[in-house]
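Scroll down for the structure; my scribbles are underneath it.
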Amino acid sequence: MISAPDFCDLLADRGFSLASGVPCSHFGGPIAHLSNRPGAYVPAPNEGSALAVAAGAALGGRRAYVMLQNSGLGNLINPLTSLVMTYRLPILTFTSLRGWPDPATDEPQHAVMGPATPGLLDSVDTPHYTLYAEDGTEEFAAILAKAEQDLAAQRAPFVLVERGAIGKAAATGAAPAEGLEAAEAIRVVTAAVPEAAVVATTGYTGRDAFAVADAPGNFYMQGSMGHASSLGLGVALTHPERTVVVLDGDGALLMHLGALSMIGHAAPGNLIHVVLDNRVHESTGGQATTSATTSFPQAALAAGYASAAACDTRDTLRSAMESARAAPGPHLISVTTLPRTGAIPPRATNALSPLDIRDRFQDSLQQ
Ligand SMILES: Cc1ncc(C[n+]2csc(CCOP(=O)(O)OP(=O)(O)O)c2C)c(N)n1
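Position 209, counted from 1, in the sequence shown is what the numbering used here calls 211; the numbers after and before it change by one each time, with no gaps.
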């Protein structure tokens, strides 16, 4: 293992003065380390944006690198092929290897991408190297030396990072000091609309929803980060007689913020979009999102939602849910939530297979 400061310092020594990315727990250390240095790390909403930020820096003459989870490769492949490779911009990208080498040791949403990651990069003729958990500074320096040759040839190499290859660092506290506990917010929301179909975003939100409010009408969307509201829209348009609640996260909503405009435009009267805004990517270790400087209610109203509210107490959330239930939507309710304390409940897929989740959700929609 290489320590987070050593990882960042070796890159800084080589002139990499800017990083961007979307967190994976594998990169919790470097992101925390860089976040303590103003201007060193740009938290991106999605992996494609992170790569484009690095591409802009490269165009401007600055060396930049990107860190992402391999589940985000799909978000990045378009700017990789059509921007970075087409304009031959020298960028170094680090991707974690969730679901690799043995998908059975990881969550089901990584089972396809894990083993596919190296071949996917091969298929677009992108050079890649692997940093293993047992590797140290020397091995990392050797990988960087090879990557330098690619960069000099105007290519964009990847380093695939095995779990445990980079050490941790203390995260900077970005979460709010006041607000509701996420599990409590989910209890209040689901109790207000017991008949609703509920779509829960990936990460801790789905785990909390499964723990405190499991029902056959809940769809736990592990993976597909940022797409819970779009899935909820599809359900809402297909079942206009059913209230549909989306439980979103701030990081997930920001990842595909354009969905707000699509939902506002489609205007499903039966959709209630709840954002649990804890200002961080808590599920990957608490790295800051950019929600502190974005107003979700204002964005939703500007995008055509029928109403939008911000809540930070049980009572205001309860009354926002009552108002949303009483009038046609789409409604957005942004809830300030606190960092979770204590043990995080298990994933829905520890008890139910993805196909079980699908089948019981579909059955519930037919009733
Ligand atoms: C495309 C993609 N990129 C990155 C990840 C890794 N990831 C899983 S959960 C998560 C954080 C989600 O943050 P947020 O929506 O704010 O919810 P919280 O974890 O705070 O509950 C991230 C980055 C992912 N699953 N998919």
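For glycine and all other residues, C-beta sits at the position ideal for the given N, C-alpha and C.
In chain order, what residues of the same chain have a beta carbon less than 6 Å from the beta carbon of ALA21, not counting five sequence neighbours either side?
Cβ neighbours of ALA21 beyond the five flanking positions: LEU36, TYR43 and TYR67.
With a threshold of 16 other CB atoms inside 10 Å of the CB of TYR89, please say whether the residue is buried or exposed.
With a threshold of 16 other beta carbon atoms within 10 Å, TYR89 falls short and is exposed.
Considering TYR206, what are the terminal residues of the alpha helix (DSSP H) in which it resides?
For TYR206, the enclosing alpha helix (DSSP H) stretches over residues 206-215.
Between the beta-carbon of GLU183 and the beta-carbon of THR83, is there less than 8 Å?
Against a cut-off of 8 Å, the Cβ pair of THR83 and GLU183 comes out as no contact.
What residues in its chain sit with their C-beta under 6 Å from that of THR192, if we drop five residues either side in the sequence?
Correct list, in chain order: ALA215.
How about the segment 161-174 and the segment 23-37: do they share at least three Cβ pairs that are nearer than 8 Å?
With contact defined as three or more Cβ pairs closer than 8 Å, the segment 161-174 and the segment 23-37 are in contact.
When you measure from the CB of CYS313 to every non-hydrogen atom of ligand 1, does any distance come out below 7 Å?
It does not: the Cβ of CYS313 is nowhere closer than 7 Å to a heavy atom of ligand 1.
Determine the closest residue to THR286 out of TYR206, VAL200 and LYS148, with distance taken between C-alpha atoms.
The residue with the shortest Cα to Cα distance from THR286 is TYR206.
Run of the beta strand (DSSP E) containing CYS10, from where it starts to where it stops
Looking at the DSSP string, CYS10 is not in any beta strand (DSSP E); the run it does join, the alpha helix (DSSP H), is 6-15.
CA-CA distance, THR204 and GLU180?
Rounded to whole angstroms, the separation of the alpha carbons of GLU180 and THR204 is 23 Å.
Is GLN71 near ligand 1, going by C-beta to nearest heavy atom under 7 Å?
Flag set: Cβ of GLN71 near ligand 1.
Got a sec: does ligand 1 put a non-hydrogen atom nearer than 7 Å to the Cβ of ALA302?
Flag unset: Cβ of ALA302 not near ligand 1.
Please report the straight-line C-alpha distance between ARG65 and ALA294, rounded to a whole angstrom.
A direct Cα-Cα distance of roughly 28 Å separates ARG65 from ALA294.
Taking all protein chains shown into account, decide if GLY30 is buried (16 or more other Cβ within 10 angstroms of its Cβ) or exposed.
So GLY30 ends up on the buried side.
Do ASP108 and GLY116 have their CB atoms nearer than 8 Å?
Yes, they are a contact pair.
Answer with buried or exposed for GLN156, where buried requires no fewer than 16 other C-beta atoms within 10 angstroms of its C-beta.
So GLN156 ends up on the exposed side.
Kindly list the residues whose CB is nearer than 6 Å to the CB of ASN77, restricted to its own chain and excluding five residues on each side of it in sequence; keep chain order.
Excluding positions up to five away in sequence, the list reads ASN48, GLU49 and GLY50.
Are the segment 248-263 and the segment 98-105 touching by the rule of at least three beta carbon pairs closer than 8 Å?
Fewer than three Cβ pairs drawn from the segment 248-263 and the segment 98-105 lie within less than 8 Å of each other, which leaves the two stretches out of contact.
Distance check for ILE346 and PHE96, CA to CA, integer angstroms please.
The straight-line gap from Cα to Cα measures roughly 28 Å.
Rank MET223, HIS283, GLU141 and ILE335 by C-alpha distance to the C-alpha of LEU357 and give the top, closest one.
It is MET223 whose Cα lies nearest to the Cα of LEU357.
N-terminal and C-terminal residue of the alpha helix (DSSP H) that ARG362 is part of:
In the DSSP annotation of this structure, the continuous segment of the alpha helix (DSSP H) that includes ARG362 starts and ends at 356-368.
Helix, strand or coil, according to DSSP, for SER226 in the structure here?
Three-state result, SER226: coil.
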